[in-house]
Structure formats: structure tokens, C-alpha cells
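Line by line, the protein sequences give chains A and B. Numbering-wise, the first sequence is residues 34 to 690 according to our numbering. Numbering-wise, the second sequence is residues -17 to 238 according to our numbering. What follows is one structure encoded as C-alpha cells, with my remarks underneath.
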Amino acid sequence: MVRPEKTVIYPLQVLVNYWATKPAKLGIKLNLLRRQGISHVATFVPWQAAEADVTHSLHRFLQAIVDRGMTVSLIVTPEVGVDHLNSGLPKDLFSKPDILAKNSDESLAISALPPNFFALPSLESPEFQKRYQQYLVRLDGILGDLARTQPKLFESIQVILTGSFWKYYRSPQTMSDDSFNGVSGDCSLSSELAYRHYRDGLFLQKDCNSQLSTSKFKTQEFEPIHRQAYAQYAEESFRLRTLRALRKKALGLNLLQAELFTPEADPAYLYSQTLQYVTAIRPDFPTLDRLITESCIRQSYVEEQQTTPLLHWTSLGGFADLSDSEKQFLLLKSLLLFGGEGGSVLLDESEWLELSPHFKNRLEVFSRTLSHQELKRETRALCLVPHLWSNNTGKKASFWSKIKTVLGSHARLVSSFDALDSQKECSLLFVEPSFLLTSDRVQKVQKWVDQGKTAVINLQTPMTDAARDLVNKLTTNAKPLQITLGAHYQIVQSEQAGQWVLWDGNDQSTDWQRFLNSILGLSKIHRDVRWSDPHADLVQLDRGGGKAGVFVFNGTRKTLAVELTFEYEVGIGDLATILSEKTHASEDEAHAKKFEIEVPPCGVLPFAVSGLGEEGREKLEAEKTSGLTLRHAESAATSELSGFSMADDMGKELGVI
Amino acid sequence: MMELGQDWIHFKKFLHPKKRGAKSQDLKKARASIVIQNQNRVMQVISETDEIYTKVGAPLSEVLSQLTSEKKGAVIDRESLDRALTLALKGDRIFQQMEILKKEIKPIQGKWESLPQSFLLKSLEGLWGKVLPSQFGVYLRFEGNREEGSSRDFLILFKRGRVDQFDDPDLSSVSQDRQKDPEQVIKVLKERYGVPVQGFVMDRLDWVEWCGRFENGDHRAVWKLIAKALRQNRVQLAPFRWSVASMIGARAVFGL
């Protein structure tokens, strides 16, 4: 495996729990990984282990790493799924019951992974913050000392900051296929106080300053909207506080902002995990599968930069008890989805060692390709929501629930306007009606539209008076185009060839499929491929030049017959062979518009597809014409020149072989 | 006295080892389903049957007939799960918390298969627990075949007849020569953790075979195989205690 450069991350990383490894065995373990070609590992730094590190185990671990010419990523933010008592949190934190976080239904946010069940603390509690800042100061001191005394060792360290527990403050009680349904966030007393303070400040903003706005937004109707916005704000503030604390002494530290997700510790998996301790039922594979997809489409931002998405498979929860084929399915799927976004999958070292050599080789091939960005997950549409871990539009129709079924992994849920600046290639934006639009926000969307892109808003979206004036001006300044395709909506063209789509409808009056297809057509977004069986899942990763890697996943327990229908005729071949042999293998391609395939249970079929998009279609036609010319030349030469063979030297010299 | 800790990953790998390639066979086992209900609606499903997943949000009555046709279908109430989870937080460690869950979580309809226990724990926490000291340790060591990177040693400490701590013991202070002698290792462990320790030295493949047979319900055969291995010196007791050997024998012959 290659080492990560600064802020670059390898798509598959092996986790080593240094604090749980006996000193005599640490070297043996690292040597074993080194022999397997691993030169970079990751580890959590459990808060408790770092504070009470009388044996200097972290320093010894780092020394062992650098002695072997390896590099390491240290995940220092508190996280769930760490193989340490209370996931590494100091025990004294739990002495005060007020410190615990509460979900929106007043229940405790529980982590049920070994070595013990515990209730997550509130990251906003003053006690937690005080102790956490002390820990960060200590950590900054340790890293600062390393920078001063052992620069070589310091150079081999990458520190990863994550979003911590925020996304896990959700009730497990959801009767939906969306694990993030409802309003999530910490509702403990300390968080409530902080929320009220935030809300009071919100009403003093320029936009809300008029009496009308203030009284309107103070009503109960707007409470879920403010809460979602606050939950996002609190998470971003926590990240910034952590970042600032680590930049005091450890100057030049290689810091990476990441969004780490642990499906086995997710509230949606809590009941399944709990029943694993009581019954002989097999692990809940479909939920783990679903959680990968739901997490990879959420994109967070810190300091105007997109965070690196990470996914952690622990050896503590249901993943360890899955069958080999189920594990391989989840690993491949998460690797492609997270690695395709520049992210990474973290796998415990004991799980890595148990993988078969053949499968490790397969993972290596895909990891290498992903790290060279030869396979990339494209973003075609953004959906702006007030909180990344909530999904609540109240009675208003949600764009997200529809767009994710149409565009799948090509759609992204974002809660930051920074996404609008960073997603250069994406051309379509939906603003969820749970997003409170202010004049400032409308101007940001206008900037997006002025880049020749499309923005879709529901006119029922709450707006301040100033924002409403700006939106009204759109229709008065330019004559809108009235369209009825699935729903009635207006298109307002901007001077820079972008467009606003203003829609004032609801679920009942809208034929969503027709409506969304018309919007996609308007913003020139094509669905390259459709598949016949909804039980199958498909991930398309871009390879450039009209080529893509198309992966068909069957997460069910029976063989699926799936028909793939492309928009135009394409060439299709075996991606695994192409990647491992580094050939183009165009001669092995089959050309058609429709393909019928059989996907075995827990199977992942990778295809290399060429001829996608305008550029791809042109290339494919050129290749086909060149092949035809070649065959004509061969036929003419064989009939005219006696003894001519394509296999002889002359044929080779002619460059036809 | 030193704390041993709780290494769950190694504990599971030692006490529930799996043969390579055997895992995929699990899929062919009987198809069990558990439905979590909330106010008579299906809230969540954990199942080996794909079709039942489409019933999330449906009235409970819609899945009851499907569940009863399966031999291992059960319904559990969401509130009782929440209650059990809150109670489990009162326990300090995972085993204590698991005990609470086992006591509190019961199906309201149908039945399920309980979590398979290791034959070693079942015996030590069962009848043997009544005659053994209130605190003791069991040291397992594998000789011969081992997978690369896997541990050779494991120590489990019992307190009042229940598992208390478990981990790969730290033998870094013991010289390599002394480490080769299990009885020397036992002496060190006894001093370090302040409890009598009984060691078992065996081949990993034998251990995997016994664990697998027990999990498949062949309970009596396991102890017969262990007694036979003991007679053939394929299992070594460290130190050799007649009392332990006779307990194994009695279990093999009379099931005691």
C-alpha cells in the first residue's frame, strides 16, 4: 500500500489498536503487516489511554512505526466503535448524570458495542467541554514535543479529526427505510440552553430583525427548522474548537478533517446489535448494507473544505459474525463508495488477516485504482438541507426522498453553502423546504445559477421577507417560462444561461417521475444506465473519456437476473481483468444497449463500460469504424495475397495484431 | 493485583473459533426472523428471509402468519428492548450487561434460539462453578497449527462463578525459555493476578473441533473427546491436578 501524502488518504487502511497490544507483540504484528505490503496503518487514540499513558505506549507505537519505515493516521476525536472501555472516554466523565446526551424522544443515545454498553455524553455539556479541552491541550503538547524532538517521527504522522458523536444522537425508533428520518440532535439540558442562546441570536440577525419576521419565526411551526439548523451549527463549532486546540504547539501538523461513520454503532443498528447478545440470530446484513449507502451520500464541510469520508468496520459488532461472502460484499461496496469519493475504509487488523489472499488481492487492485483517481464517484445533483443527519420537511414535499431513488450514489446531501463552491462539475441543486432561506442564502443560490447551473426551490420553503422579495423579483424582472411536466413549475432564466426552477406543489399533485425527469433533462443530466430489479444495487464510477466502472451488487440471498439498459449502445467488458492486467481489452467488449446478467447472492459484478456521454459515444463509434476497416483490410489482403496470415510477421508489422 | 482487561475480539476468536470456509455454510441454516413491534406495527425486522423486510411499517398481523410458519420466528416489543438497554447500562462490563439483557429480553410471540455458549463457559459457570473456588483463572494455550497473526495464549478470570476478565496475558517479563514451560507460565500468572490458574495446552485444530461440535448440539461427545485427548496426552493440564482430570472424566461418562 502506498503512503498517504499530506491530506491524501489511502482507500483501505488497517487499524491497529496499539493500547490493546502487548509490547512484546506490537513489533511482531507490525512486521507481519509490513510483510503483507502494508506501509501505512491507522489507529484511534482513546482519550483515556492518552491521558493515563504511564508506559508511553503511544510513543512506543509511533517509534515502532517509524522504525519500520511506516506511516500512521491517528484518529484523535472521541468516536464510537473503539475497542476500549466507554469507547475510550474517561470514566469520571460519567459520574454526573447531567452529562449524558438525549435523543429527540428523550431516550439516551446508547452505544452497544463491546467492551461495554454506555450512553453517549453530550458534546455540549460544560463538564465534557472542560475535560475535552484539557485532553486536547495534552495531546497538542505530546505532538508539539514530537515535532521538536523527533521531526522524522512527526513527519510520519497524520492526525484525523472527525465529527465525533453528533450523527449518533438519533432515536432508533424509526419505522422507515431511511435511517436518518426525523429530527436528530442532542436534546439534553446543556444542549437546550445552548440552543436557546443560538435561537435568540438568530432573531437579531439583519434578515429577521423586522417585527413581522421575528414573530413569524418564533412560532412552534419553525421550531424543527431552527433545531436542525442549530444541530448543524453545534457540530461545526465543535469541529472548529477541536481544530484550534491542536494547532497551538504542534505546528506543521498534518491534519485531515474527516467524517467517520461506524455502521455497527449506528442507532439504526442498535436493536439488531442488542439482539445479537441474546439470540442466535445472524447479524442484520441488510441494515449494514443500507447504512453504507445512506452515509456515503452525506457530505460534510469544515472551513470551506469537503471532509474526507471514512467508514469503519469494527471487529466488535455484527460485521465480525457475517459470512465470508457477506463481509466481502460490504467491504467491496464500502471501498468503492467511500474510496470513489477520495475517502477510505478502516478495517481492524484481525479482520484484515482473516481475509483470503485472493480477496485481499482484489481489494488491493481496486484500492490502487481508486487512490490514483482512475475511478471516481461523480456528483450530479446536490440537495441542500439544514442538518446532515436529520430528514424532516414536515408536511412539505421532500425533494431528497425522490432524487436519491433516481440518481442514487450520484446525488449528495449537503448542509453547507461551501458545497456550492467546491462542486464545480455538478450542475443541479435542490433546496429542501426545511431550509430557512434568508436574502444572503438566496444570493448564494443566485451565484450558483449565474454559473450556468440549475437551482430548484419549493416556493413553500420558509423565507424571510427580504428573501421572499428577492425570489419575487426573479419572476417580475424576467418573464418566467410556465411548464407542466409532472407538475406545474416556472423556469426563470438567468443572464448567464443558468436557471431557477420555482415549484409550488405537493406530493399529491405531482407526478414525481415525470417532474424529476424534466428537471434532469433541463440541467443536461443523463441517467446512463437503468436496471430492472430494485433488489439489485448499482454503483457507477467515472473513468474519464466516456468510460465508467459499473458495479452491480446483489445484497439478497438469492440469485438475481438483472437487465441493464443503457441510454445508447455501449461497449461492456470485465473491469477486474482490465484493472489487474492494465490493458484496454476493447477487443473483449460486447456492444449493445441492453445486457442481461445473473448476479449471485452477495455477488458484486464489475463491468468496464465505454461509450457513455457524448465524448464516449464518439470514441466508441471511432473504435468500431477502425475495427471494421481492419476487418475489411484483412479480408482483402487474404483474398489478394496468397499465404497471407494475420498471425505472421507481416501482419504484426502492419500493426494489425 | 494486576487488571487483566477485556479483549472481546480475542475472546470471541478463542471461544467461538470458526473453520475456514465453514462460515458460508451458515447461510443454509434454518431461516430465523425477529420482528420488533411498536404499537402493533412492524418497526424493524432482522431476518434471513429477504421478503419480510418489505413489511416494515405494516400492521403486525400481516407478518404473524409468515412468522408462525417459520420454526424460529419471534416478535419482541420495542419498549421492552429500550427498558432492557437502559437497565444494561447499570452493568460495568459486557458480560454483566449481557446477563441483564438475557434476563430482560423475552419474545412476546414465537420463540428464538438462544445465543450459543462455549462448552467451557457453560461447564465452568454451571455445576462446576459450585465446587470451584470463588475466584480462579483458566489459561488456554495452543500448540502446533496456528493461523498467521493469531494469538497462542488466552487467560480467562472467573469471579463468583462468572466470567470477569479475559485477555491475551502479558508474558513479556517471562524469559523465552520459561515461556515454553506452561507450568512456569502458570506460576507467573498466579502471582500476577492473585488467583489459582488451571492451564490447558492443546492443538488448535482439536479445540476448533470441540467448539464446533458443541455449537452443533453434540454436547456429550465433546467431553468424551476431551477425556480421550487427555488420555492420549493431546491435552496437557498445567499443573496436572487429579481433581480436574476426574471432573473431565465424570462429565464425559455421566454428563456431570
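Positions of the beta carbon are idealized from the N, C-alpha and C atoms, including for glycine.
**Item:** Against chain A: residues of the segment 9 to 41 of chain B by CB proximity under 7 angstroms
**Value:** L9, A14, I16, I18, N20, R23, M25, Q26, I28, E30, D32, Y35, V38 and G39
**Item:** Pairwise C-alpha distance: K200/A and F294/A
**Value:** 9 angstroms
**Message:** Between N198/B, I82/B, A209/B and R23/B, which has its C-alpha nearest M184/B's C-alpha?
**Reply:** A209/B
**Request:** Would you grab the beta carbon distance between A500/A and T471/A for me? Rounded to a whole angstrom, and I think it's under 8 angstroms.
**Result:** 5 angstroms
**Message:** Quick test of your reading: E698/A and V418/A, contact by CB under 8 angstroms. State the CB separation rounded to the nearest angstrom.
**Reply:** Given that chain A is displayed from residue 34 to residue 690, the structure contains no residue 698/A and the question cannot be resolved.
**Request:** Compute the Euclidean distance between the alpha carbons of F255/A and L645/A, then round it to the nearest angstrom.
**Result:** 45 angstroms
**Item:** As assigned by DSSP and simplified to three states, the class of R751/A
**Value:** Nothing about residue 751/A can be read from this structure; chain A reaches only from 34 to 690.
**Message:** Between D152/B and chain A, is any beta-carbon pair separated by less than 8 angstroms?
**Reply:** yes
**Request:** Please report the residue range of the beta strand (DSSP E) in which D32/B lies.
**Result:** Unbroken run through D32/B: none, as it is neither H nor E.
**Item:** Anticipated Cβ contact below 8 angstroms, L169/A with T275/A, distance rounded
**Value:** 6 angstroms
**Request:** Quick one: using the 10 Å Cβ neighbour count with 16 as the cut-off for buried, is R164/A buried or exposed?
**Result:** buried
**Message:** Using 8 angstroms for Cβ pairs, my map puts E81/B next to L69/B. What's the rounded Cβ distance?
**Reply:** No, E81/B and L69/B are not in contact; Cβ-Cβ is about 11 angstroms, not under 8 angstroms.
**Asked** When the cut-off is 8 angstroms and only beta carbons count, does R395/A lie next to chain B?
**Response** no
**Asked** By Cβ distance below 7 angstroms, which residues in the same chain neighbour L574/A in space, the five residues on each side in sequence not counted?
**Response** L369, G373, L408, K409, R410, A581 and G582
**Prompt:** Shorter than 8 angstroms from the beta carbon of P(-1)/B to some beta carbon of chain A?
**Reply:** no
**Message:** For chain B, check one thing: does any of its Cβ atoms lie closer than 8 angstroms to the Cβ of S348/A?
**Reply:** yes
**Asked** Using a C-beta cutoff of 8 angstroms, does E95/B count as contacting chain A?
**Response** yes
**Request:** Could you tell me which chain B residues have their CB closer than 9 angstroms to the CB of F151/A, listed as they occur along the chain?
**Result:** L71
**Message:** What does the Cβ neighbour count give for P130/A, buried or exposed, with the cut at 16 atoms within 10 Å?
**Reply:** exposed
**Message:** Within 10 Å of its beta-carbon, does T36/B have 16 or more other beta-carbons around it, so buried, or fewer, so exposed?
**Reply:** exposed
**Request:** From the DSSP output, in three-state form, read off V504/A for me.
**Result:** helix
**Request:** For Q218/B, return the contacting residues in chain A, with the cut-off set at a CB-CB distance below 8 angstroms.
**Result:** By Cβ distance, chain A contributes nothing, its closest Cβ being about 23 angstroms from Q218/B, past 8 angstroms.
**Request:** To the nearest angstrom, report how far apart Y43/A and V204/B are at their CA atoms.
**Result:** 46 angstroms
**Prompt:** Hey, N704/A and Q261/A are a contact pair by Cβ (cut 8 angstroms); roughly how many whole angstroms apart?
**Reply:** Lying outside 34 to 690, the shown extent of chain A, residue 704/A is not represented and no answer is given.
**Request:** Could you check the C-alpha separation between G351/A and Q309/A for me, to the nearest Å?
**Result:** 8 angstroms
**Prompt:** Excluding sequence positions up to five away, which residues of its chain have a Cβ less than 7 angstroms from the Cβ of G3/B?
**Reply:** Bear in mind that the predicted position of G3/B carries a pLDDT of just 48, short of 50, making it unreliable; the figure below should be weighed with that in mind. Same-chain partners within the cutoff: there are none.
**Message:** Assuming K172/B is part of the alpha helix (DSSP H), what are its boundary residues?
**Reply:** P164 to Y175
**Asked** Quick one, are the C-beta atoms of L95/A and L186/A less than 8 angstroms apart?
**Response** yes
**Message:** Could you compute how far the alpha carbon of H259/A sits from the alpha carbon of K627/A?
**Reply:** 48 angstroms
**Item:** Per-residue DSSP class, three states only, for I71/A
**Value:** coil
**Asked** With distances taken between CB atoms, is the gap from G121/A to P154/A smaller than 8 angstroms?
**Response** no
**Request:** Compare the C-beta of M80/B against all C-beta atoms of chain A and say whether one is closer than 8 angstroms.
**Result:** yes
**Request:** At 9 angstroms on the CB atoms, spell out the chain B contacts of P390/A, in chain order.
**Result:** Ordered by position in chain B, no residue passes the 9 angstroms Cβ test against P390/A, which lies about 11 angstroms from the chain.
**Message:** Can you check which of these residues, E647/A, P567/A, C635/A and L364/A, is closest to Y601/A by C-alpha distance?
**Reply:** E647/A
**Prompt:** Among L83/B, I34/B and Q21/B, which residue has its Cα nearest to the Cα of R60/B?
**Reply:** Q21/B
**Residue burial classification, E528/A (beta-carbon count within 10 angstroms, cutoff 16)** = exposed
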